[in-house]
Amino acid sequence: MSNHPYLSVVIPVHNEQEMLEELYRRLTMALDSLGKTYEIIFTNDGSTDRSAHILKELHERRPSQIRVIQFNGNFGQHMAIMAGFERVRGQIVITMDADLQNPPEDIGKLVAAIEAGHDVVNTHRMNRQDSWWRLAVSHCHNKVRAWMMPKLKMQDEGCMLRAYKRNIVDLMALTGEATTFIPALALSYASNPTEVGVGHAERAAGESSYGFYGLIRYNFDLITGFSLFPLQVFTMLGMLISACSFAFVIFLILRRVIVGPEVEGVFTLFAILFFFLGIVLLGLGVTGEYIGRIYQEVRKRPRFVVREVLEQLEPSSVTEKM
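Quick note: to get the numbering used here, add 5 to the position in the sequence shown (first position is 1).
Structural data, given as structure tokens:
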């Protein structure tokens, strides 16, 4: 096995003990059929089941091709991928989830697109097999992202089966951001991206790490990490409300001069006041999201902690003199 494989496949793993054996079988078959040298990097993102033990066994089966990064805790899917990006050796880097909802057999499509001259290959899931609420949330996410960030051309932001040229991966690894969204970050560096359709299947076992709240937080990370649109909306909304408030004050002064003092309309004024207070609190929440991310960055804490790395060490290039 070459120390510089052609392909690197990076897979975050979090409590996927039921899927790992089947993933290993299908993934290695798909990669072997391509006839190219490769490595597979699994990042164990703080799994509490037997995933760490199974990954160690997989490494022992193919020590020259399978490398395992063991985190000291749960740091999130994108940080798990970033840890893999910092250690990849291939010229083409593939990312995918461990749940087999996207078939490893489609990796050949992504490799072909990279070899055709593209530097980033995004994907969209065809015939999705998710539950109705997840489809609805995903649809809303894609619509909101397209509205707020029209420069990010992605049909399906939630599909992690993607391919990148090595130079794009190196740039992403250098950012050192505490929170990020990898597909969007890659597009910000890409010069010739493309998109292909891939298959999608129901999750055969285990549970998704993304519940409803997790999906909402995931969308916050995307929007606040790559757009100032929410802050700009509240700036313009504040200017509009200020202008309307000034006009309303003039109207009340003129009404008092013409009609005289009156008590009617007090509850209407309270309703308007509460509406404005709601907007102010929402604006503070959005501002807090950005400030919170600034706070995370300036603390300079490690993005993740690696407990151990299972890999076959490269043979030393230095020989002792006899």
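Even for Gly, the Cβ is constructed at its ideal location relative to N, Cα and C.
| message | Which residue wins for smallest C-alpha separation from LEU227, given the options GLY89, LYS114, GLY163 and ALA141? | response | Residue mapping note: residue 227 aligns to position 222 of the sequence shown, counting from 1. Nearest C-alpha to LEU227: GLY163.
| message | Per DSSP, what are the beta-bridge partners of GLY169 in this structure? | response | Counting from 1 along the sequence shown, the entry for residue 169 is found at position 164. Before going further, note that residue 169 is Tyr rather than Gly in the sequence given. Partner(s): VAL98 and VAL125.
| task | From the DSSP output, in three-state form, read off ARG72 for me. | result | Here residue 72 is taken as the residue at index 67 of the sequence shown, counted from 1. In the structure shown, ARG72 sits in a strand (DSSP, three-state: E or B).
| request: Going by DSSP, name the residue or residues bridged to TYR43. | output: As a working note, residue 43 is residue 38 in the sequence shown. LEU12.
| What is the DSSP secondary structure of THR53, reduced to helix, strand or coil? | As a working mapping, residue 53 is identified with position 48 in the sequence shown. Coil, per DSSP.
| Any chance the segment 72-91 sits against the segment 22-33, with 3 or more Cβ pairs inside 8 Å? | no
| request: To the nearest angstrom, report how far apart THR100 and GLN301 are at their CA atoms. | output: Position 95 of the sequence shown, counted from the first residue, corresponds to residue 100. Position 296 of the sequence shown, counted from the first residue, corresponds to residue 301. Roughly 26 Å separates the two Cα atoms.
| Is the number of C-beta pairs between the segment 284-292 and the segment 238-247 that are closer than 8 Å three or more? | yes
| So, helix, strand or coil for GLU91, using DSSP? | The residue labelled residue 91 in the question sits at position 86 within the sequence shown. Of the three classes helix, strand and coil, the one that applies to GLU91 here is coil, per DSSP.
| said: Within the continuous alpha helix (DSSP H) that includes ARG260, where are the two ends? | reply: Walking along the sequence shown from the start, residue 260 turns up at place 255. 234-264 is the extent of the alpha helix (DSSP H) around ARG260.
| query | Expressed to the nearest angstrom, what Euclidean distance is found between the alpha-carbon atoms of GLN96 and ASP54? | reply | Position 91 of the sequence shown, counting from 1, holds the residue named residue 96. Position 49 of the sequence shown, counting from 1, holds the residue named residue 54. For GLN96 and ASP54, the distance between alpha carbons rounds to 33 Å.
| message | DSSP three-state label for PRO413, please. | response | It is not possible to answer for residue 413, since the shown part of the chain is limited to 6 through 327.
| query | So is GLU44 buried or exposed if we call it buried at 16+ other beta carbons inside 10 Å? | reply | To locate residue 44, count along the sequence shown from 1; it is residue 39. When all chains shown are included, GLU44 counts as buried.
| task | Report yes if the C-beta distance between HIS144 and LEU315 is below 8 Å; otherwise report no. | result | On the sequence shown, position 139 is the one that residue 144 refers to. On the sequence shown, position 310 is the one that residue 315 refers to. It is not a contact, given that the beta carbons lie outside the stated cut-off.
| query | In the structure shown, what three-state DSSP assignment does GLU65 receive? | reply | Along the sequence shown, one-based indexing puts residue 65 at 60. GLU65 falls in the helix class under three-state DSSP.
| field | the ligand SAH heavy atom lying under 7 Å from the CB of GLY89 | value | Looking for the ligand SAH in the displayed structure turns up nothing, as the structure carries no ligands at all.
| field | Local conformation of GLY293 per DSSP, three classes | value | Along the sequence shown, one-based indexing puts residue 293 at 288. In this structure, GLY293 counts as helix in the three-state DSSP scheme.
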